[in-house]
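> Numbering of the sequence shown is given in my numbering, commencing with residue 88 and proceeding in unit increments.
Every residue, glycine too, gets a C-beta built ideally from N, C-alpha and C.
Handing you this structure, nothing more for now.
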Amino acid sequence: MFKNALVSVSDKAGLLELLTPFQADLRIVSTGGTAQYLRDNGFLVTDISEQTGFPEVMDGRVKTLHPNVHMALLGRMDKPEHVQTMQKFSVQNFDLVICNLYPFEEAALKNSSFEDLIEKIDIGGPSMLRSAAKNFQTVTVLCDPQDYATVIEKKGTDLDDRQQLAAKVFAHTSVYDSLVAQKLQKKEFNLQPLGGKLVQALRYGENPQQKASWYRWPGDDKGLQSAKILQGKELSYNNILDLDAASNLVREFSQPACVAVKHNNPCGVAMDTTVAAACGKALKADPISVFGGIIAFNCEVDLKSAHLLGDIFLECIVAPAFSNEAKEFFTKKKNLRILEWPALKQFTKKIEVKSIAGGFVTQEPDQMASNVDTWKFMGRKPSAEIMQDMGFGEKVCASLKSNSIAIVQNGQTLGLGMGQVNRVDAVEQALHRMKTHHQDTKNAILISDAFFPFSDSVEIAAKAGIRWILQPGGSVKDEEVFKVAQKLGVEMVLTGQRHFRH
């Protein structure tokens, strides 16, 4: 049983239920509003000023930062000199610390003033938590009300419990500090503090032998974790990655659009004047690859679109909204995961992170669309319709793993080549898919994520009937490639912007 508790919380949920079973034998030291809350509910409370022998000052900024507090948190009962020092200053060791921090994240999400954000930076709280967590051999530290129930049920904690709770403290303060750093830095700085909040533990990772978890960035209330799962099985690690890939692309389009993704690569993409038309075109783009895939929309899914999807095995469908009729239709497919994500179109990814040996690398997300005003036309200037298809195809190509090629026509992908170690293979893969699934390809346009190092890819494309190519340019052999294209009757447009995606 606990004997001496330090309690200072912003979130008072469950606090009374936690303390009541231990109340008879428990000395409670508390601060400000928490102390008053406990007194109002019948608890005997010792003010922190009695513990420190010093009043709370500076509007409460300084109240727990005192040796009489931190000796009681950090003192080791197995060291005689620690015990003697505590006895000298009449300090009793704390064996229970209950503390959660000023609501900085809530203030940030409410777009509070900068001055208010500064006042929501907790200093004493993290210090208490970290001190108590360091001394977990004898101190139980609780920073999350969700852990209260276990302590009540077990009527205390054992060493394993205390060590796990201590680890949670350091994860908690890491997230807190990361968010503060994000909000304080100025735009000209390039700080990328990392700290995630657990959304949920996943069944496994890419394969059953791999453990996995899902985290969100602190301060983010519009990401994928905000989507409402209307039905279906629990999301898997692979589902989450594919949902992210599909939604990243589909939000790039202003017209109704549909994106099918398989193994983190788009396999069918289309846009049109209606969501049903876009859906139908995306499914026909590569009907073999879409089987077992993920579908994303950038607008509400109606019943007509739902019917188009009804006969295909799919893992997930995500959209900003679903009509009531569509929701009702999908209930017939119990295992199909349906995610309603109202913020899908508004969400902006700020950073991409990849782990490497010994650390991680970060980068800004790629801008999938280059500036059309800076495009260079090596021959004829394309029509408005071809220009629109080129812009559409560039976004698709930027979403594919490199080396990548996208062949498009009339707002629909005809053939996609991705993840190849040379550009010729990517071209041939895209052309093979186009020829397999489409007959009318007379207006097909080929887009490349990077320059052509040689003219061989252009020659292969021309032989297949391609007459327009969009690419970044920048090869030392550009002039040779341009001459071959001109000779073969292929018009070439240069964007000046590469789209590698590893």
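Which class does lysine 441 belong to by DSSP, given the choice of helix, strand or coil?
Locating residue 441 in the sequence shown gives position 354, where the first residue counts as 1. Looking at lysine 441 - three-state DSSP - the assignment turns out to be strand.
> Can you list, in chain order, the residues of its chain with a C-beta nearer than 6 Å to that of alanine 332? Leave out the 5 residues immediately preceding and following it.
Position 245 of the sequence shown, counted from the start, is the residue given in the question as residue 332. So the list reads Val348 and Asn351, once near-sequence residues are dropped.
> Which same chain residues, not among the five before or five after leucine 395, have their C-beta less than 7 Å away from its C-beta?
The sequence position of residue 395 within the sequence shown is 308, counting from 1. Around leucine 395: Ala363, Cys366, Gly367 and Leu370.
> Take isoleucine 532 as the anchor and find which of Val511, Asp543, Gly506 and Asn497 has the nearest alpha-carbon.
For this step, residue 532 is matched to residue 445 along the sequence shown. Selected option, being the one with the closest Cα: Asn497.
> Does the beta-carbon of cysteine 386, which I'm using as the reference point, lie nearer than 7 Å to any heavy atom of the ligand SAH?
This structure lacks the ligand SAH; in fact it carries no ligand of any kind.
> Could you tell me whether the stretch 422 to 430 touches the stretch 401 to 410, where touching means 3 or more Cβ pairs closer than 8 Å?
Taking 8 Å as the limit for Cβ pairs, the verdict is that the stretch 401 to 410 does touch the stretch 422 to 430.
> For the structure I just gave you, are there three or more beta carbon pairs, one from the stretch 287 to 303 and one from the stretch 227 to 241, closer than 8 Å?
With a cut-off of 8 Å, the stretch 227 to 241 and the stretch 287 to 303 do not count as touching, because too few Cβ pairs lie within range.
> Buried or exposed for glycine 561, going by 16 or more other Cβ atoms inside 10 Å?
As a position in the sequence shown, residue 561 is number 474, starting the count at 1. Classification for glycine 561: exposed.
> Determine the direct distance from the alpha carbon of leucine 501 to that of methionine 579, and round the result to whole angstroms.
Here residue 579 corresponds to residue number 492 of the sequence shown, with the count starting at 1. Here residue 501 corresponds to residue number 414 of the sequence shown, with the count starting at 1. Answer to the nearest angstrom: the Cα atoms are 19 Å apart.
> If we ignore side chains and look at the alpha-carbon of each, how far apart do threonine 260 and glutamine 123 end up?
Counting from one through the sequence shown, the residue named residue 260 turns up at place 173. Counting from one through the sequence shown, the residue named residue 123 turns up at place 36. Going by the C-alpha atoms only, they are around 26 Å apart.
> Would histidine 586 be called buried (16 or more neighbouring beta carbons within 10 Å of its own) or exposed?
Mapped onto the sequence shown, residue 586 falls at position 499. The residue in question, histidine 586, is buried, as its Cβ has 16 or more Cβ neighbours within 10 Å.
> Whose CA, out of Tyr324, Lys391 and Gly583, lies closest to the CA of threonine 461?
Numbered from 1 along the sequence shown, position 374 holds the residue referred to as residue 461. Looking at the Cα atoms, Gly583 is the closest of the given residues.
> Taking C-alpha atoms, which residue in Cys386, Pro154, Lys90 and Asp453 lies nearest to valine 440?
Taking the first residue of the sequence shown as position 1, residue 440 is located at position 353. Minimum Cα distance to valine 440 is reached at Asp453.
> Distance, Cα to Cα, serine 44 vs lysine 414?
Given that the chain is displayed from residue 88 to residue 589, the structure contains no residue 44 and the question cannot be resolved.
> State the DSSP-derived secondary structure class of isoleucine 399, mapped to helix, strand or coil.
Here residue 399 refers to the residue found at position 312 when the sequence shown is read from its first residue. Isoleucine 399: coil per DSSP, three-state reduction.
> Just to confirm, is the Cβ distance from methionine 455 to lysine 488 under 8 Å?
Residue 455 sits at position 368 when you count from the first residue of the sequence shown. Residue 488 sits at position 401 when you count from the first residue of the sequence shown. Not a contact, by the Cβ cut-off of 8 Å.
> Mind checking who tryptophan 555 pairs with in its DSSP beta bridge?
Numbered from its first residue, the sequence shown carries residue 555 at position 468. Tryptophan 555 is bridged to Ile532 and Glu578.
> Could you give the DSSP three-state label for arginine 114: helix, strand or coil?
Counting from 1 along the sequence shown, the entry for residue 114 is found at position 27. It is a strand residue.
> Between glutamine 224 and leucine 246, which are expected to be in contact by the criterion C-beta below 8 Å, what is the C-beta distance as a whole number of angstroms?
Position 137 of the sequence shown, counted from the first residue, corresponds to residue 224. Position 159 of the sequence shown, counted from the first residue, corresponds to residue 246. Indeed they touch by this definition, with Cβ atoms about 7 Å apart.
> For the alpha helix (DSSP H) containing leucine 160, name the first residue and the last one.
Counting from one through the sequence shown, the residue named residue 160 turns up at place 73. 154 to 161 is the span of the alpha helix (DSSP H), which, as asked, contains leucine 160.
> Check whether the Cβ atoms of leucine 152 and serine 218 lie closer than 8 Å to each other.
Start at 1 with the first residue of the sequence shown, and residue 152 comes out as number 65. Start at 1 with the first residue of the sequence shown, and residue 218 comes out as number 131. Taking 8 Å as the Cβ cut-off, leucine 152 and serine 218 do not qualify as a contacting pair.
> Suppose the cutoff is 6 Å on Cβ atoms and the five residues either side in sequence are ignored; what does the same chain contact list for glycine 306 look like?
Position 219 of the sequence shown, counted from the start, is the residue given in the question as residue 306. Around glycine 306: Glu192, Ala195 and Leu266.
> Report all residues from its chain with a CB closer than 6 Å to the CB of aspartate 476; omit the five preceding and five following residues, and keep chain order.
Along the sequence shown, read from residue 1 onward, the residue named residue 476 stands at position 389. Around aspartate 476: Val495 and Ile532.
> In the DSSP assignment, find the beta strand (DSSP E) that holds serine 95 and state where it starts and stops.
In the sequence shown, residue 95 corresponds to position 8, counting from 1. That run of the beta strand (DSSP E) goes 91 to 95.
> Is valine 346 helix, strand or coil by DSSP?
For the purposes of this step, residue 346 is taken as the residue at position 259 of the sequence shown. Reduced to three states, the DSSP call for valine 346 is strand.
> Hey, glycine 552 and lysine 529 are a contact pair by Cβ (cut 8 Å); roughly how many whole angstroms apart?
The sequence position of residue 552 within the sequence shown is 465, counting from 1. The sequence position of residue 529 within the sequence shown is 442, counting from 1. 7 Å between Cβ atoms; contact.
> Would you kindly report the start and end of the unbroken alpha helix (DSSP H) that includes isoleucine 327?
Taking the first residue of the sequence shown as position 1, residue 327 is located at position 240. Start and end: 324 to 337.
> Rounded to the nearest angstrom, what separates threonine 449 and isoleucine 327 at their Cα positions?
Counting from one through the sequence shown, the residue named residue 449 turns up at place 362. Counting from one through the sequence shown, the residue named residue 327 turns up at place 240. Cα to Cα, threonine 449 sits roughly 20 Å from isoleucine 327.
> Could you compute how far the alpha carbon of lysine 150 sits from the alpha carbon of alanine 258?
If you number the sequence shown from 1, residue 150 lands on position 63. If you number the sequence shown from 1, residue 258 lands on position 171. Their Cα atoms are separated by approximately 24 Å.
> My output table needs one value for alanine 219: the three-state DSSP class, helix, strand or coil.
Within the sequence shown, numbered from 1, the residue matching residue 219 stands at position 132. In the structure shown, alanine 219 sits in a helix (DSSP, three-state: H, G or I).
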